[in-house]
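Novice:
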Amino acid sequence: GQMASVDRWVLRQALQWLSRHGERFPALQFLSVNLSARALNDELFKTFVLALLRRHHNVARLLVIEISESVAMQDVFVLEKFVSQLRETGARLALDDVGSGYSSFASLDDVGANYLKIDGQFVRAMTRQGSGTTVIRTINVLAHELGMESIAGSVEDAQTLAVLKAMGADYGQGIALCPALPLDAFTEACARGTLDLAPEVRAVLGSERPAAPRPRPVDAPGSGAASGEISAAPASEELPADSTATVA
Numbered sequence: 346g347q348m349a350s351v352d353r354w355v356l357r358q359a360l361q362w363l364s365r366h367g368e369r370f371p372a373l374q375f376l377s378v379n380l381s382a383r384a385l386n387d388e389l390f391k392t393f394v395l396a397l398l399r400r401h402h403n404v405a406r407l408l409v410i411e412i413s414e415s416v417a418m419q420d421v422f423v424l425e426k427f428v429s430q431l432r433e434t435g436a437r438l439a440l441d442d443v444g445s446g447y448s449s450f451a452s453l454d455d456v457g458a459n460y461l462k463i464d465g466q467f468v469r470a471m472t473r474q475g476s477g478t479t480v481i482r483t484i485n486v487l488a489h490e491l492g493m494e495s496i497a498g499s500v501e502d503a504q505t506l507a508v509l510k511a512m513g514a515d516y517g518q519g520i521a522l523c524p525a526l527p528l529d530a531f532t533e534a535c536a537r538g539t540l541d542l543a544p545e546v547r548a549v550l551g552s553e554r555p556a557a558p559r560p561r562p563v564d565a566p567g568s569g570a571a572s573g574e575i576s577a578a579p580a581s582e583e584l585p586a587d588s589t590a591t592v593a
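Quick note on the working numbering: the sequence shown kicks off at 346 and runs consecutively.
See below:
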């Protein structure tokens, strides 16, 4: 279907960009690509992903495949096998929207992901209603206990970033850290090793010269989101950069 075609296109663009630039920018830690549920149920698509990663083996370590928690929990055994194959190529896995589903801690451990991404609804609820903090704190602790790192989405201001940092979040994503960028601007930011941050955000991060972009998911063509320590990375010229930054 159309989504499978979009997923293939995004992956190709992401790996082509990494092949051209990934090894030029030491501060660039990873580029995250969000895949649809349909793609993960398609054996031919998974074969395509693995073949593409092997073809770009020199930069496969810089790619993170991001899928939603609810999709991952539909068949943990099948996903576990795919994750094992991904790791053989050097690529990594992030579980998105963690906290919005009903997966058990044991299931999350079985999947063997590298990152747990906190559902943005909890971060927004914390900011607007003062709720959601227990879930956020729990996911941070869980990620660290399972040997993973956490990524908090919807970081829209310095105050939110400060609270998330105090809670132990490893990465942040949102407009406070980096707005959507066209590819050339993102590539320039990677070359400089810095992004332009508001003084109050820079103060929270504790650095006058924050480290360069660490990418976050490149979704299908459309809107982009940003993130926190500083990280950003689009996969093609028609995709806005979507940054992920470290908040530790």
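Glycine included, C-beta positions come from ideal geometry on N, C-alpha and C.
What is the C-beta distance between Ser452 and Met418, in whole angstroms, given that I count them as a contact (C-beta under 8 Å)?
Specialist: Yes, they are in contact, since the Cβ atoms of Ser452 and Met418 sit about 6 Å apart, within 8 Å.
Novice: Tell me which residue opens and which closes the beta strand (DSSP E) that Glu425 is part of.
Specialist: Unbroken run through Glu425 is the alpha helix (DSSP H), Val421 to Thr434; no beta strand (DSSP E).
Novice: Within 10 Å of its beta-carbon, does Asp464 have 16 or more other beta-carbons around it, so buried, or fewer, so exposed?
Specialist: Flag for Asp464 reads buried.
Novice: Roughly how many angstroms separate the alpha carbons of Ser413 and Glu545, rounded to a whole number?
Specialist: Their Cα atoms are separated by approximately 32 Å.
Novice: Residues in the same chain with beta-carbon distance under 7 Å from Pro562, minus the five sequence neighbours each way, listed in chain order, please.
Specialist: Note that Pro562 scores a pLDDT of 45, beneath 50, so its modelled location is shaky and nothing firm can be said.
Novice: Here's the rule: buried if 16 or more other CB atoms are within 10 angstroms of the residue's CB, otherwise exposed. What is Ala593?
Specialist: Residue placement at Ala593 cannot be trusted, given a pLDDT of 45 that sits under 50; the coordinates are not used to answer.
Novice: Please list, in chain order, all residues of the same chain as Ile496 whose beta carbon is under 8 Å from its beta carbon, the five residues on each side excluded.
Specialist: Within the same chain, Ile496 has close Cβ partners Ala439, Tyr460, Leu461, Lys462, Ile463, Ala514, Asp515, Tyr516, Gly517, Gln518, Arg561, Ser572 and Thr589.
Novice: Could you check what DSSP says for Ser324 in three-state terms: helix, strand or coil?
Specialist: Coverage of the chain is limited to positions 346 through 593, which leaves residue 324 absent and any answer about it impossible.
Novice: For the beta strand (DSSP E) holding Ile463, just list the boundary residues, first then last.
Specialist: Tyr460 to Ile463 is the extent of the beta strand (DSSP E) around Ile463.
Novice: Taking buried to mean at least 16 other C-beta atoms within 10 Å of its own C-beta, is Arg365 buried or exposed?
Specialist: Result: exposed.
Novice: If you draw a straight line from the alpha carbon of Ala521 to that of Met512, how long is it in whole angstroms?
Specialist: Cα-Cα distance, rounded: 18 Å.
Novice: From the DSSP output, in three-state form, read off Ser452 for me.
Specialist: It is helical.
Novice: With H, G and I counted as helix, E and B as strand and the rest as coil, what does DSSP make of Ala557?
Specialist: Because Ala557 sits at a pLDDT of 47, beneath the cut-off of 50, its placement in the model cannot be relied upon, and the point is left open.
Novice: Excluding the five sequence neighbours on either side, which residues of its own chain have a C-beta within less than 6 Å of the C-beta of Val404, listed in chain order?
Specialist: So the qualifying residues of the chain are Leu363, Ser364 and Gly367.
Novice: Applying the 10 Å Cβ sphere with the 16-neighbour rule, what's the burial state of Ala619?
Specialist: Because the chain is modelled from 346 through 593, residue 619 falls outside the range shown and cannot be assessed.
Novice: Return the CA-CA distance between Glu425 and Phe393, expressed in angstroms with no decimal places.
Specialist: In a straight line, the C-alpha of Glu425 is about 17 Å away from that of Phe393.
Novice: Hey, out of Ile484, Val428 and Thr434, whose CA is closest to Arg400's CA?
Specialist: The shortest Cα separation from Arg400 among Ile484, Val428 and Thr434 belongs to Thr434.
Novice: Is the CB-CB distance between Val486 and Phe467 below 8 Å?
Specialist: No, these two residues do not count as a Cβ contact at 8 Å.
Novice: With a threshold of 16 other CB atoms inside 10 Å of the CB of Ser499, please say whether the residue is buried or exposed.
Specialist: Burial call: buried.
Novice: May I ask you to list the residues that DSSP assigns as paired with Asp515?
Specialist: DSSP lists no partner for Asp515.
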